[in-house]
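Enquirer: I have a structure I would like to understand better, so I am pasting it below and will then ask my questions one at a time.
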Amino acid sequence: MPLKMPLPDQRVLARRDEIIAALRRIVPGEGVIERPDELRPYESDGLTAYRQPPMVVVLPETVEQVAAVLSYCHKHGVKVVPRGSGTSVSGGALPLADAVLLGMGKFNKVLEIDYEDRLAVVQPGVTNLAITNAVEGEGFYYAPDPSSQIACSIGGNVAENSGGVHCLKYGLTTNNVLGVQFVTIDGEVLRIGGKALDAPGLDLLGIIVGSEGLLGVVTEVTVRILPKPETARALLAGFPTVESAGQCVADTIAAGIIPAGMEMMDKPAIHAAEAFVNVGYPLDVEALLIVELDGPAAECNHLLEEVQAIANRNGAVTLRASQDEAERLAFWAGRKAAFPAVGRISADYLCMDGTIPRGQLPKVLRRMNELAAQYSLDVANMFHAGDGNLHPLILYDASKPGELERAEEFGADILRLCVEVGGVLTGEHGVGVEKRDLMPVMFSEVDLRQQQRLKCAFDPDSLLNPGKVFPTLHRCAELGRMHVHRGRLPFPELPRF
């Protein structure tokens, strides 16, 4: 399906051979990919509905090479699209026909582990799960755990502010990153944050985490690592209605209990996951909660009993608590594999991402079922119930005329509904191109212009990942003055009082 993106700059395309030759001088050997057949693996990210081969792919191995590539592109007016592992499902790494795709996959080393200060310094191409694998021998782990953690890179997690099933208690990426090394579009290498608990001054780290590649390229990440809890137990609770499961979520949080994770799946998602992993999920329920408690054994066991009592008061028809670590991991295996599980029963699907107040969960799920009937498409729901982050999977077949368009319209209506009930357009997947044209549903033109002013302070020529996030890309000169202090980190001039 056609997607509105910035028109290719024909002047840049006419200089393609010259640009490739210059990039080969910066990144020699096999670091530059230009042949059409070799570019094909990079033509989309996890949002495979949209595809566009890049002009050229560059795979640097050093910070100096990254800085030199960006400096060259800045000087010669060439766009740059940063890419991690390409697992984004919002189109954040969708290439452009006239842009350099800057792949960070070769930055794959764990540089330092400091158990005393509970941190690790890693390159952005290190996968999420590899951080935990590197430290678990000493009893530590990295808390944010997106379902794609076996493949997604920490650099991509920083770009999208990724979450996961344990973000309810331990926070998203932004709550677990202490510092980054960051290269600006003109090739300046900066350090933002560091190893301290909280850096002084402006919260520039908070700006960079979740910036979706619009401000610069991350070349190093310092993350928090946590001691593995003494005990962790999970509870499977099946309910006769989605409403009763949603009320159980609300009552648990209202009781002052903050589980390590609290996930919900509806009946289609339950059946797909169970067929895929065979872990013993109940198939005669309309909704399934997976609730994990962790901490000292006495506390964990006590809270598990409290949650069981709350579930019973909300009409749970099945309750099953994990008795050992293998069973706990089995409970999570189905939820972690839910996306590929749904891929077995549908030719294609769109994975949506919106966040709502927990109390609105029953209303939103009822309305989603109505929308599914309206669009004649099936939907499987799974989500981080504790923090209201929904992940409806809209099932469709792209080979059938009109189904992708209906699926997109269905998804847009779900996201509008999230905003209508007091929620937001995204929880952890980012805006990318998927939600770009819905940004005015949540933000006024004044809001969007102010956000673009911030981008202009970092990237005045709009060369970094253009066409993403903002539905209308204004020239920086149109947005009013933003003062950039050369030789230091750019920032907007603050008002005087």
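In our numbering, the protein residues as written are 694 to 1190.
For glycine and all other residues, C-beta sits at the position ideal for the given N, C-alpha and C.
By Cβ distance, which residues of its chain are closer than 8 Å to leucine 1070, with the 5 residues on each side in sequence left out?
Expert: Result list for leucine 1070: Ile1087, Leu1088, Tyr1089, Glu1096, Arg1099, Ala1100 and Phe1103, in chain order.
Enquirer: If we ignore side chains and look at the alpha-carbon of each, how far apart do valine 778 and phenylalanine 800 end up?
Expert: Reading the sequence as shown, one finds serine at residue 778 and not valine. Each residue's alpha carbon lies about 11 Å from the other.
Enquirer: Should the region 759-769 be called in touch with the region 809-816, which here means at least 3 C-beta pairs below 8 Å?
Expert: No: the two stretches stay apart, fewer than three of their Cβ pairs being nearer than 8 Å.
Enquirer: Is the CB-CB distance between valine 774 and alanine 792 below 8 Å?
Expert: Going by C-beta atoms, valine 774 is nearer than 8 Å to alanine 792.
Enquirer: Could you tell me the alpha carbon to alpha carbon distance between glycine 903 and asparagine 1158, rounded to whole angstroms?
Expert: Roughly 13 Å between the two C-alpha positions.
Enquirer: If we count the other Cβ atoms within 10 Å of its Cβ and call it buried at 16 or more, is alanine 1009 buried or exposed?
Expert: Looking at its Cβ environment, which holds 16 or more other Cβ atoms inside 10 Å, alanine 1009 is buried.
Enquirer: The alpha helix (DSSP H) with leucine 985 in it runs from where to where?
Expert: Just to set this straight, residue 985 is glutamate in the shown sequence, not leucine. Segment 980-988 is the beta strand (DSSP E) holding glutamate 985; no alpha helix (DSSP H) there.
Enquirer: Can you list, in chain order, the residues of its chain with a C-beta nearer than 6 Å to that of arginine 708? Leave out the 5 residues immediately preceding and following it.
Expert: Correct list: empty, nothing qualifies.
Enquirer: Quick one: using the 10 Å Cβ neighbour count with 16 as the cut-off for buried, is asparagine 1005 buried or exposed?
Expert: Classification of asparagine 1005: exposed, given that the 10 Å Cβ count is below 16.
Enquirer: Between asparagine 1007 and the rest of its own chain, which residues show a CB-CB distance below 6 Å, the 5 nearest in sequence each way excluded?
Expert: Ser937, Gln940 and Cys941.
Enquirer: Buried or exposed: which applies to isoleucine 843, given that a residue is buried once 16 or more other Cβ atoms fall within 10 Å of its Cβ?
Expert: Label assigned to isoleucine 843: exposed.
Enquirer: Which residue marks the beginning of the alpha helix (DSSP H) containing cysteine 1111, and which one marks its end?
Expert: Run containing cysteine 1111: 1096-1113, per the alpha helix (DSSP H) assignment.
Enquirer: Identify, in the order they occur along the chain, each residue of the same chain with its Cβ nearer than 6 Å to the Cβ of glutamine 1001, setting aside the five sequence neighbours on each side.
Expert: Contacts found: Leu1012.
Enquirer: For proline 1133 and asparagine 994, what's the separation of their Cα atoms in angstroms?
Expert: Roughly 46 Å between the two C-alpha positions.
Enquirer: Beta-carbon within less than 7 Å of phenylalanine 1184's beta-carbon, same chain only, minus the 5 sequence neighbours each way: which residues are those?
Expert: Low local confidence applies: a pLDDT of 34 at phenylalanine 1184 is under 50, so the model's placement there is unreliable, and no value is given.
Enquirer: Glutamine 758: buried (16+ other C-beta within 10 angstroms of its C-beta) or exposed?
Expert: So glutamine 758 counts as buried.
Enquirer: Between which residues of its own chain and glutamine 874 is the CB-CB distance below 6 Å, once the five residues before and five after are set aside?
Expert: Answer for glutamine 874: Arg884, Thr912 and Glu913, listed in chain order.
Enquirer: Am I right that valine 1126 and lysine 1148 are in contact with their C-beta atoms under 8 Å? What's the rounded C-beta distance?
Expert: 16 Å between Cβ atoms; not a contact.
Enquirer: DSSP on arginine 776, reduced to helix/strand/coil?
Expert: Residue state, collapsed to three classes: strand.
Enquirer: Is proline 1033 helix, strand or coil when you go by DSSP?
Expert: Reduced to three states, the DSSP call for proline 1033 is helix.
Enquirer: Should the region 981-992 be regarded as contacting the region 1057-1074, the criterion being three or more beta carbon pairs within less than 8 Å?
Expert: Because the criterion of three Cβ pairs below 8 Å is not met, the region 981-992 and the region 1057-1074 do not touch.
Enquirer: At a cut of 8 Å, does the region 732-744 reach the region 704-722 through at least three beta carbon pairs?
Expert: Contact fails: fewer than three Cβ-Cβ distances are below 8 Å.
Enquirer: Return yes when the Cβ of methionine 1045 is within less than 8 Å of the Cβ of proline 1085, no when it is not.
Expert: In contact: proline 1085 and methionine 1045 (Cβ atoms closer than 8 Å).
Enquirer: Expressed to the nearest angstrom, what Euclidean distance is found between the alpha-carbon atoms of isoleucine 712 and isoleucine 726?
Expert: One C-alpha to the other measures close to 12 Å.
Enquirer: Along the chain, where does the alpha helix (DSSP H) containing aspartate 1152 start, and where does it finish?
Expert: Unbroken run through aspartate 1152: none, as it is neither H nor E.
Enquirer: May I have the straight-line CA-CA distance separating cysteine 845 from proline 839, to the nearest angstrom?
Expert: Taking the straight line joining both Cα atoms gives about 8 Å.
Enquirer: Could you give the residue range of the alpha helix (DSSP H) that holds glutamate 967?
Expert: Residues 960-970.
Enquirer: State the Cα-Cα distance for the pair phenylalanine 833 and alanine 790, rounded to the nearest angstrom.
Expert: Approximately 43 Å between the Cα atoms of the pair.
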